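In the numbering used here, the protein residues as written are 47 to 323. The C-beta atom is built at its ideal place from N, Cα and C for all residues, glycine as well. As the structure is a computational prediction, the values presented were derived from the model and not from experiment.
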Amino acid sequence: MSVGGIVPNRKMFATIMAPGVDHIRHPYDHSKVAFSKGQPEWGAEMAEDLERVIALHDASTIAAVMVEPIQGSTGVLVPPIGYLQRLREICTKHGILLIFDEVITGFGRMGQNFAAQRFGVTPDMITFAKAVTNGIVPMGGVIVSDEIYNTFMTGPENAIEFAHGYTYSGHPLAAAVAHTVLDIMEEESLIARARSLEPVLKEAVHSLRDLPIVHDIRNIGLTAGVDLKPREGAPGARQNKEIFMPLLHFHVYEGRSEAEIKKLLDTAHEAMLEAFQ
């Protein structure tokens, strides 16, 4: 919660936020990147704000930089071209770990196993969950670099390598489900299917652009976000009184068909027209 950027969450839990956490400026600017298809061309220079934070706190006091390569819950905010690469360069320069939160983007939705591969950036750590078990059984994990792994493995032989475990670590049911899901993804070529469906979702979601209720649209891989304009003179009315939030998220499963994607967007189109009346 402390490292996140969802304002309502931070407001609700403000009194228990962890100390020692800072944030850099966000690269999303509607006036410059509205209705982008894929990665916006503007905004890579916003990564330089990390240098400001490092100068303020000193690199020796910063353990890691944590980012979602694509911000899912805040509206499918796509990183500008070169932004993540620049974060990687700055972190490497100062000896700071780079962590990607891929709980939403991991295992296929980006047309690769991970968004890190899609963007050609190698973080030091990747967190994952959700899609690894298709949401059937709770499971999450962390992938780390060889350097981090070897650091933990150099302790005394009789010591526990990683003491931050918990009761249900390595749960056999979750592990079995994850193995099965990954096997199915490979057998049915679902990652390749995600790549083939990306232009279908892109065309479908951007077809909503001319609706008078639409403020912005963003997409990449099998994810998309649509911002809705507020009712004139009644900010917050859509969120409080109607059937959807003022922001629509589309996170499409790789196994869907073109017809299902089009039906999804047709339904959203009808709902938005009704809400605008």
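Check                                                                                                                                                               : Outcome
Please list the segments of the alpha helix (DSSP H) lying wholly inside the stretch 74 to 152, counting only runs of 4 or more residues, in order along the chain. : 76 to 79, 95 to 103 and 129 to 140
Are Val246 and Ile263 close, meaning C-beta to C-beta below 7 Å?                                                                                                    : no
Counting only the same chain and skipping the five closest in sequence on each side, list residues whose C-beta sits under 6 Å from that of Met318.                 : Leu257 and Ile259
Could you work out which residue in Asp68, Ser303, Met199 and Tyr299 is closest to Met324 when comparing CA atoms only?                                             : Absent from the model: residue 324. The displayed extent of the chain is 47 to 323, so no value can be given.
Per the DSSP calculation, Val188 is bridged to which residue(s)?                                                                                                    : Thr173
Buried or exposed: which applies to Pro169, given that a residue is buried once 16 or more other Cβ atoms fall within 10 Å of its Cβ?                               : buried
Could you check where the beta strand (DSSP E) with Thr269 kicks off and where it finishes?                                                                         : Thr269 to Leu274
Can you tell me whether DSSP reads Ile263 as helix, strand or coil?                                                                                                 : strand
Looking at the strands, I want to know which residues DSSP matches up with Phe198.                                                                                  : BP columns for Phe198 are empty, so no partner.
Are the CB atoms of Thr179 and Val111 nearer to each other than 7 Å?                                                                                                : no
Candidates Pro115, Val149 and Arg71: which alpha carbon is nearest Pro184's?                                                                                        : Val149
Going by DSSP in three states, Arg24 sits in which element: helix, strand or coil?                                                                                  : Because the chain is modelled from 47 through 323, residue 24 falls outside the range shown and cannot be assessed.
How is Phe165 classed by DSSP in three states: helix, strand or coil?                                                                                               : helix
Mapping DSSP to helix, strand and coil, what is His69?                                                                                                              : coil
Just how far apart, CA to CA, sit Val119 and Glu320?                                                                                                                : Looking at the sequence shown, residue 119 is not Val but Ser. Approximately 25 Å between the Cα atoms of the pair.
With distances taken between CB atoms, is the gap from Phe174 to Gly187 smaller than 7 Å?                                                                           : yes
Please classify Ile289 as buried or exposed, where buried requires at least 16 neighbouring CB atoms within 10 angstroms.                                           : Residue placement at Ile289 cannot be trusted, given a pLDDT of 48 that sits under 50; what the coordinates show is reported in the next sentence. The residue is exposed, with fewer than 16 neighbouring Cβ atoms inside 10 Å.
Using DSSP with H/G/I as helix, E/B as strand and the rest coil, what is Leu243?                                                                                    : helix
Does His217 come out as helix, strand or coil in the three-state DSSP assignment?                                                                                   : coil
Assuming Pro115 and Phe146 are in contact, meaning their beta carbons sit under 8 Å apart, how far apart are those beta carbons, in whole angstroms?                : 5 Å
Going along the chain, which residues of its own chain have a beta-carbon closer than 6 Å to the beta-carbon of His297, five neighbours each way excluded?          : Thr269
Taking the alpha helix (DSSP H) that Asn204 belongs to, which residues open and close that run?                                                                     : No alpha helix (DSSP H) holds Asn204; DSSP gives it neither H nor E.
Could you tell me the distance, in whole angstroms, from the CA atom of Ala238 to the CA atom of Leu311?                                                            : 22 Å
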